[in-house]
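Colleague: What follows is a single structure, and I will ask about it in a moment.
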Amino acid sequence: MTQSPTDVFLALVNGVAEGRWAELPDLYAEQTHVVHPFDPLRQPALRTRDELRAHFRPTGDSPRLVRRAVNITVHETADPEVIIAEFEYRGTADGVPFTQPAIFVLRVRDGEIVESRDYLDHVTAARIRGRLGDILRTT
Numbered sequence: 004m005t006q007s008p009t010d011v012f013l014a015l016v017n018g019v020a021e022g023r024w025a026e027l028p029d030l031y032a033e034q035t036h037v038v039h040p041f042d043p044l045r046q047p048a049l050r051t052r053d054e055l056r057a058h059f060r061p062t063g064d065s066p067r068l069v070r071r072a073v074n075i076t077v078h079e080t081a082d083p084e085v086i087i088a089e090f091e092y093r094g095t096a097d098g099v100p101f102t103q104p105a106i107f108v109l110r111v112r113d114g115e116i117v118e119s120r121d122y123l124d125h126v127t128a129a130r131i132r133g134r135l136g137d138i139l140r141t142t
């Protein structure tokens, strides 16, 4: 039996929270479409598992992150493939607390993500990674 859209979403956000980076691309279809509409750096859409592997690959300059997904609310839609999920990542970056709110709109077909619009607080993401300057230089 294939996983439901909610099950796939929970595997994704918990995999991110637990740093299971190598497993995350397998949650997506080989051909997918993932966008981050609020990304101030305007990164292009991720369209393949290989692009997702590169996206999820940890970098050596990342802070020590401890986080978990909290305040999760999943809204089912009239389309059984589509869910809207509200949640927050809450944790610490090198011991400094943070909260990063997010909303994901996912289309899951046959247990794989075929489309995702990830609305994240990118300013918080940049701050906890020490990359606020990257955002300021592009605006």
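The sequence shown maps to residues 4 to 142 in this note's numbering. From the three backbone atoms N, C-alpha and C, an ideal C-beta is built for every residue, glycine too.
#1: Going by beta-carbon coordinates alone, are Arg-37 and Asp-113 separated by less than 8 Å?
#2: If distances are taken between C-alpha atoms only, which option among Leu-68, Glu-54, Gly-63 and Thr-76 comes closest to Asp-10?
#3: Give the straight-line distance between the Cα atoms of Gly-22 and Leu-68, rounded to the nearest whole angstrom.
#4: Go to Arg-52, then tell me how far its beta strand (DSSP E) extends in each direction, as first and last residue.
#5: If you drop the 5 nearest sequence neighbours on each side, which residues of the same chain put their C-beta closer than 7 Å to that of Ala-48?
#6: By alpha-carbon positions, which one of Gln-34, Gly-63, Arg-110 and Gly-98 ends up nearest to Thr-80?
#7: How many whole angstroms separate the CB atoms of Ile-138 and Val-126, which I take to be in contact at a CB cut-off of 8 Å?
#8: Quick one: is Val-99 buried, meaning 16 or more other Cβ sit within 10 Å of its Cβ, or exposed?
#9: Which of the three DSSP states is assigned to His-78 in this structure?
#10: Please confirm whether Leu-123 and Phe-59 have their CB atoms less than 8 Å apart.
#11: In three-state terms, what does DSSP make of His-125?
Modeller: Judging by the given coordinates:
#1: Note on identity: in this sequence residue 37 is Val, with Arg being the wrong assignment. No; because the gap between Cβ atoms is not below 8 Å, this pair is not in contact.
#2: Thr-76
#3: 9 Å
#4: Run containing Arg-52: none in the beta strand (DSSP E); it sits in the alpha helix (DSSP H), 52 to 59.
#5: His-36, Val-37 and Val-38
#6: Arg-110
#7: 7 Å
#8: exposed
#9: strand
#10: no
#11: helix
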